[in-house]
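*Asks:* Residue numbers (my numbering): 8 to 162.
C-beta atoms are modelled at their ideal positions from N, C-alpha and C, and glycine is treated no differently.
Bear in mind the structure is a predicted one, so any value in this text is a computation, not a measurement.
Dropping the structure in here first, questions after.
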């Protein structure tokens, strides 16, 4: 199965690591990490926040995935310029790893795939990873100084 996972991934935290682990576990035929372009990363934020550059995020994702890959998967990092681009447009991808928050996007992606004559994607839902305070870990919370990458509360 070819599995994709998409996101901004900056800064990387334990929630992202869970997404990567799910993609690696199920991606026996390969894993695509769709990494948002700098422009898309800025557009998709509800509130502006500092985001590492695309090149910095490529290096961080490459290192994290290599550290987590106990299966020896083939991993490709691709630039994601549009919200559903790679998952909706690549007929080779079989499944998409999503969080509970992004799971509803799978229906939109599968509608676009059907329009192109592609098979729909299976969804692999990775659970949220919670910080010590019971709230989910997020890059925004890390950037705001509330928690560290593992969910330890800093305030």
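1. Report buried or exposed for residue 147, applying the criterion of at least 16 other Cβ atoms within 10 angstroms of its Cβ.
2. Between residue 10 and residue 99, how many whole angstroms is the CB-CB distance? I'm expecting something under 8 Å.
3. Return yes when the Cβ of residue 93 is within less than 8 Å of the Cβ of residue 39, no when it is not.
4. Out of curiosity, what's the CA-to-CA distance linking residue 110 and residue 162?
5. Can you tell which of 143, 150, 138 has its C-alpha closest to the C-alpha of residue 160?
6. Give me the Cα-Cα distance between residue 66 and residue 144, rounded to the nearest whole angstrom.
7. Does the count of Cβ pairs from the stretch 33-47 and the stretch 80-89 closer than 8 Å reach three?
8. Measure the alpha-carbon distance for residue 141 versus residue 124 and round it to whole angstroms.
9. Have a look at residue 156 and residue 130 and give me their C-alpha separation to the nearest angstrom.
10. So for residue 103, helix, strand or coil by DSSP?
*Replies:* This is what the structure gives:
1. exposed
2. Between residue 99 and residue 10 the Cβ distance is about 11 Å, and since that is not below 8 Å, they are no contact.
3. The answer is yes: Cβ separation under 8 Å.
4. Residue 162 has its alpha-carbon roughly 31 Å from the corresponding atom of residue 110.
5. 138
6. Residue 66 and residue 144 have their alpha carbons spaced roughly 21 Å apart.
7. Enough Cβ pairs lie closer than 8 Å, so yes.
8. Their Cα atoms are separated by approximately 42 Å.
9. 26 Å
10. strand
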